[in-house]
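**Student:** In terms of this note's numbering, the sequence shown opens at residue 7 and continues consecutively.
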Amino acid sequence: MAPGQSNIFCTVTVANSSALPAAAEANFDGLIGMTHNYAGLAAGNLASQNSAGRISNPKAAALQGIAKMEIIAALGVTQCFLPPHERPAMWMLRQNGFTGDDERVLADAYTNKPHLLAQCCSSSFMWSANAGTVAPAQDARDNRTHLVVANLKSMPHRAVEPPCTHAILGAVFPDRDRFVVHKALLSTADMGDEGAANHTRLFDASNAQRPATHLFVYGIDTAHPRQQPKVHPARQTLQASQSVANLLQLDLARCVFAQQHPDAIDQGVFHNDVVSVGNASTLLYHQDAWLDHDRVVDALAERVGNSFCPIAVSRDELTIPEAVSAYLFNSQLVTTPDGSMTLVCPSEVEHHDRARAVAQRIQQDPRNPISRILYVDVRESMRNGGGPACLRLRVPLAPSATSTVGIHTLNGIHPGCVFSSERATQLRAWVESWYPDQLTPEALADPMLLKRNRDALDALTQQLGLPPIYPFQYARE
Ligand code: SUG
Numbered sequence: 007m008a009p010g011q012s013n014i015f016c017t018v019t020v021a022n023s024s025a026l027p028a029a030a031e032a033n034f035d036g037l038i039g040m041t042h043n044y045a046g047l048a049a050g051n052l053a054s055q056n057s058a059g060r061i062s063n064p065k066a067a068a069l070q071g072i073a074k075m076e077i078i079a080a081l082g083v084t085q086c087f088l089p090p091h092e093r094p095a096m097w098m099l100r101q102n103g104f105t106g107d108d109e110r111v112l113a114d115a116y117t118n119k120p121h122l123l124a125q126c127c128s129s130s131f132m133w134s135a136n137a138g139t140v141a142p143a144q145d146a147r148d149n150r151t152h153l154v155v156a157n158l159k160s161m162p163h164r165a166v167e168p169p170c171t172h173a174i175l176g177a178v179f180p181d182r183d184r185f186v187v188h189k190a191l192l193s194t195a196d197m198g199d200e201g202a203a204n205h206t207r208l209f210d211a212s213n214a215q216r217p218a219t220h221l222f223v224y225g226i227d228t229a230h231p232r233q234q235p236k237v238h239p240a241r242q243t244l245q246a247s248q249s250v251a252n253l254l255q256l257d258l259a260r261c262v263f264a265q266q267h268p269d270a271i272d273q274g275v276f277h278n279d280v281v282s283v284g285n286a287s288t289l290l291y292h293q294d295a296w297l298d299h300d301r302v303v304d305a306l307a308e309r310v311g312n313s314f315c316p317i318a319v320s321r322d323e324l325t326i327p328e329a330v331s332a333y334l335f336n337s338q339l340v341t342t343p344d345g346s347m348t349l350v351c352p353s354e355v356e357h358h359d360r361a362r363a364v365a366q367r368i369q370q371d372p373r374n375p376i377s378r379i380l381y382v383d384v385r386e387s388m389r390n391g392g393g394p395a396c397l398r399l400r401v402p403l404a405p406s407a408t409s410t411v412g413i414h415t416l417n418g419i420h421p422g423c424v425f426s427s428e429r430a431t432q433l434r435a436w437v438e439s440w441y442p443d444q445l446t447p448e449a450l451a452d453p454m455l456l457k458r459n460r461d462a463l464d465a466l467t468q469q470l471g472l473p474p475i476y477p478f479q480y481a482r483e
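Okay, structure coming up:
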């Protein structure tokens with residue numbers, strides 16, 4: 007394909023929810039919230055830092071997210087979504103000593119602690135790759151699918167997410183015989199957990215008997231800190247990764263723990279999914295992603311077996327700073343019904359000569375299963391450091407027609423959160439009617455934004471048939 011000529015879908019058709027494909031995996035995208043803004047809150051995330059103070063467009067952001075889901079669904083992948091969280095997080099302002107009615111709390115916080123107010127307004131829950139870590143029933147000792155909510159303790163605006171994420175995942179996977187939704191790890195100093203962004207499940211799709219391999223990537227081993235980043239924080243600890251592996255009920259012999267290269271963190275690689283993406287037995291990664299690179303790749307090859315297909319990108323082809331700016335590795339790598347793989351890249355890759363050349367080189371190489379490259383526009387999210395892969399949480403599924411809970415589920419998923427063409431129309435109309443098309447830092451203190459957010463979430467949860475999941479809904483009960 008000629009440079010600049012995109013093979014992005016122009017029109018898409020999405021499967022009806024009644025015809026949920028019997029896929030091996032569902033992708034859950036976080037719906038982008040109506041307070042999506044650029045507050046420069048994420049140290050070490052260069053896009054977030056560089057966008058600080060920019061005026062955001064929450065409506066465009068949410069519509070981009072819905073369009074991205076349509077593209078993935080049209081590939082034959084089971085697409086689902088997670089509803090937004092309640093914002094501003096009024097309880098966090100009150101925990102910080104602000105009192106009075108909501109209007110007073112917002113005004114005082116804006117005057118005295120605007121940074122705290124911005125933290126309470128972040129729509130960062132949209133990056134559902136950080137919502138938690140997942141292992142399917144076939145990998146767990148108790149034959150149940152486990153989800154461990156991430157504590158996100160290293161960034162205050164993200165550390166507020168876990169309770170709501172837990173409530174949402176509990177509602178989305180209501181069948182307790184099949185799904186276990188664990189609370190986040192305690193936020194002690196050595197337990198920084200950022201969820202699936204630092205975890206990759208690899209398996210041989212042609213051999214269901216061979217157990218899967220789990221790659222956990224951490225930024226620091228707090229018990230034996232050796233090389234550490236000097237400029238930016240390491241968010242994930244080895245201790246947290248090990249605890250997550252235990253909670254997921256994994257066989258530790260099937261797990262590989264690898265340390266992020268501290269120089270990569272210092273160059274803006276705040277999560278492993280900025281330099282690596284895997285699917286089935288294929289792993290696309292940057293040569294400088296991890297310390298002890300050869301040992302990591304050998305350990306994976308030994309466990310995954312002959313089907314292991316590592317695709318390394320050298321620093322000569324693309325440097326780490328180039329990878330951080332184009333977000334090639336934050337593409338979604340999905341298996342399509344014909345058994346081949348599609349790499350769904352952010353449109354920034356298409357506009358970056360060297361990153362696009364790497365994507366084309368990979369697509370043309372017959373030794374790997376990646377046969378198609380697509381580009382999606384998620385620019386509003388990208389400006390905060392969130393590409394296509396950040397916006398989704400993968401949940402491997404075991405098809406089952408039976409459910410032991412009172413409500414009808416699709417493969418164990420609450421039907422309200424399964425994406426379809428009808429649902430896309432409904433979500434678009436919901437976004438169009440509630441979301442602002444620009445948001446400035448001052449607007450975050452507007453009590454009408456709080457009221458609108460709650461009214462919109464009430465309307466959404468009613469449309470989707472979800473039980474109460476938000477603090478303002480509990481408070482009313
Ligand atoms: O945690 N950005 C997020 C981006 C998360 C991307 N997720 C993955 N790589 N999986 C973060 O750094 C920016 C918010 C702000 O600056 O307003 C932010 O939180």
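Note that CB positions come from ideal geometry on N, CA and C, so glycine has one too.
Source: prediction; values computed, not measured.
Between the C-alpha atoms of Q234 and A68, what's the straight-line distance to the nearest angstrom?
**Tutor:** Locating residue 234 in the sequence shown gives position 228, where the first residue counts as 1. Locating residue 68 in the sequence shown gives position 62, where the first residue counts as 1. In a straight line, the C-alpha of Q234 is about 37 Å away from that of A68.
**Student:** For the pair the region 219-236 and the region 250-260, tell me if three or more CB-CB distances fall below 8 Å.
**Tutor:** With the cut-off at 8 Å, the region 219-236 and the region 250-260 touch.
**Student:** Would you decide whether H205 is buried or exposed? Buried here means 16 or more other CB atoms lie within 10 Å of its CB.
**Tutor:** The residue you call residue 205 lines up with position 199 of the sequence shown. Counting Cβ neighbours within 10 Å, H205 comes out buried, since at least 16 surround it.
**Student:** The alpha helix (DSSP H) with H121 in it runs from where to where?
**Tutor:** Within the sequence shown, numbered from 1, the residue matching residue 121 stands at position 115. Run containing H121: 120-127, per the alpha helix (DSSP H) assignment.
**Student:** Give, in chain order, every unbroken run of the alpha helix (DSSP H) that is at least 4 residues long and sits entirely within the region 290-364.
**Tutor:** As far as the region 290-364 is concerned, its whole alpha helix (DSSP H) runs of at least 4 residues are 299-310, 326-332, 353-356.
**Student:** For the ligand SUG, any of its heavy atoms closer than 7 Å to the Cβ of A135?
**Tutor:** Residue mapping note: residue 135 aligns to position 129 of the sequence shown, counting from 1. Result yes, Cβ under 7 Å from the ligand SUG.
**Student:** Any idea if I61 is buried or exposed, counting beta-carbon neighbours within 10 angstroms, 16 or more meaning buried?
**Tutor:** Counting from 1 along the sequence shown, the entry for residue 61 is found at position 55. It is exposed - the Cβ of I61 has fewer than 16 other Cβ atoms within 10 Å.
**Student:** Should C170 and H91 be called a contact, given that it needs their Cβ atoms to be closer than 8 Å?
**Tutor:** Mapped onto the sequence shown, residue 170 falls at position 164. Mapped onto the sequence shown, residue 91 falls at position 85. Their beta carbons are under 8 Å apart, which means C170 touches H91 by this criterion.
**Student:** Since G284 sits in a beta bridge, which residues does DSSP pair it with?
**Tutor:** Within the sequence shown, the letter at position 278 stands for residue 284. Paired residues: L289.
**Student:** Find the nearest neighbour of G274 within the set G39, L37, A49, Y44, judged by alpha-carbon distance.
**Tutor:** In the sequence shown, counting from the first residue as 1, residue 274 sits at position 268. Looking at the Cα atoms, A49 is the closest of the given residues.
**Student:** Run the proximity test for R400: is its beta-carbon closer than 7 Å to any non-hydrogen atom belonging to the ligand SUG?
**Tutor:** Along the sequence shown, read from residue 1 onward, the residue named residue 400 stands at position 394. No; taking the cut-off as 7 Å, the Cβ of R400 has no heavy atom of the ligand SUG nearer than that.
**Student:** Quick check on the DSSP output: what are the complete alpha helix (DSSP H) runs of length 4 or more inside the region 162-213, in order along the chain?
**Tutor:** Complete alpha helix (DSSP H) runs here, min 4: 162-165, 168-178.
**Student:** Which of the three DSSP states, helix, strand or coil, is assigned to A43?
**Tutor:** Stepping through the sequence shown from its first residue, residue 43 is reached at position 37. The amino acid at residue 43 is misidentified as Ala; the sequence shows Asn. Three-state DSSP puts N43 in coil, outside helix and strand.
**Student:** Taking 8 Å as the threshold (C-beta atoms), are C86 and F484 in contact?
**Tutor:** Lying before the first or after the last residue shown, residue 484 is absent from the chain, which here runs from 7 to 483.
**Student:** Hey, is the region 98-105 in contact with the region 135-145, meaning 3+ C-beta pairs nearer than 8 Å?
**Tutor:** Touching, no, given that fewer than three Cβ pairs across the two stretches are closer than 8 Å.
**Student:** Does Q248 come out as helix, strand or coil in the three-state DSSP assignment?
**Tutor:** Within the sequence shown, numbered from 1, the residue matching residue 248 stands at position 242. Three-state result, Q248: helix.
**Student:** Is Y44 near the ligand SUG, judged by its Cβ being under 7 Å from some heavy atom?
**Tutor:** As a first step, residue 44 must be located in the sequence shown, where it is residue number 38. Within the cutoff, so yes.
**Student:** Just to check, is the beta-carbon of M96 closer than 7 Å to a non-hydrogen atom of the ligand SUG?
**Tutor:** Taking the sequence shown and counting its residues from 1, the one referred to as residue 96 is at position 90. It does not: the Cβ of M96 is nowhere closer than 7 Å to a heavy atom of the ligand SUG.
**Student:** Given a cut-off of 8 Å, decide if L403 and N390 are closer than it, judged by their beta-carbon atoms.
**Tutor:** The residue labelled residue 390 in the question sits at position 384 within the sequence shown. The residue labelled residue 403 in the question sits at position 397 within the sequence shown. No, Cβ-Cβ distance for N390 and L403 is not below 8 Å.
**Student:** Which full runs of the alpha helix (DSSP H) of 4+ residues lie inside the region 379-446, going along the chain?
**Tutor:** As far as the region 379-446 is concerned, its whole alpha helix (DSSP H) runs of at least 4 residues are 385-388, 427-440.
**Student:** Compare the Cα-Cα distances from N374 to each of R321, F314, E483 and report the closest residue.
**Tutor:** In the sequence shown, the residue the question calls residue 374 occupies position 368. Checked all of R321, F314, E483; the closest Cα to N374 is F314.
**Student:** So what does DSSP say about I376, is it helix, strand or coil?
**Tutor:** Working through the sequence shown from its first residue, we reach residue 376 at position 370. Strand at I376.
**Student:** Assuming the contact rule is C-beta atoms closer than 8 Å, L6 and V355 should be a hit. Round their C-beta distance to whole Å, please.
**Tutor:** The first residue shown for the chain is 7 and the last is 483, placing residue 6 beyond what the model contains.
**Student:** Do A318 and Q338 have their beta-carbon atoms positioned less than 8 Å apart in this structure?
**Tutor:** If you number the sequence shown from 1, residue 338 lands on position 332. If you number the sequence shown from 1, residue 318 lands on position 312. Going by C-beta atoms, Q338 is not nearer than 8 Å to A318.
**Student:** Count the other CB atoms within 10 Å of the CB of E200; is the residue buried (16 or more) or exposed (fewer)?
**Tutor:** Within the sequence shown, numbered from 1, the residue matching residue 200 stands at position 194. It is buried - the Cβ of E200 has at least 16 other Cβ atoms within 10 Å.
**Student:** Quick one, which of S160, D322, N336 has its alpha-carbon nearest L47's?
**Tutor:** Here residue 47 refers to the residue found at position 41 of the sequence shown. Selected option, being the one with the closest Cα: S160.
**Student:** Comparing alpha-carbon positions, which option in E31, S57, A30 lies nearest S387?
**Tutor:** Residue numbering aside, residue 387 sits at position 381 when the sequence shown is read from its first letter. S387 has its Cα closest to that of S57, out of E31, S57, A30.
**Student:** In this structure, does DSSP put Q370 in helix, strand or coil?
**Tutor:** Counting from one through the sequence shown, the residue named residue 370 turns up at place 364. If DSSP states are grouped into helix, strand and coil, Q370 belongs with the helices.
**Student:** Hey, out of A146, L450, V283, whose CA is closest to A202's CA?
**Tutor:** Numbered from its first residue, the sequence shown carries residue 202 at position 196. Closest option to A202, Cα to Cα, is V283.
**Student:** Which of helix, strand or coil does DSSP assign to G36?
**Tutor:** Counting from one through the sequence shown, the residue named residue 36 turns up at place 30. In the structure shown, G36 sits in a strand (DSSP, three-state: E or B).
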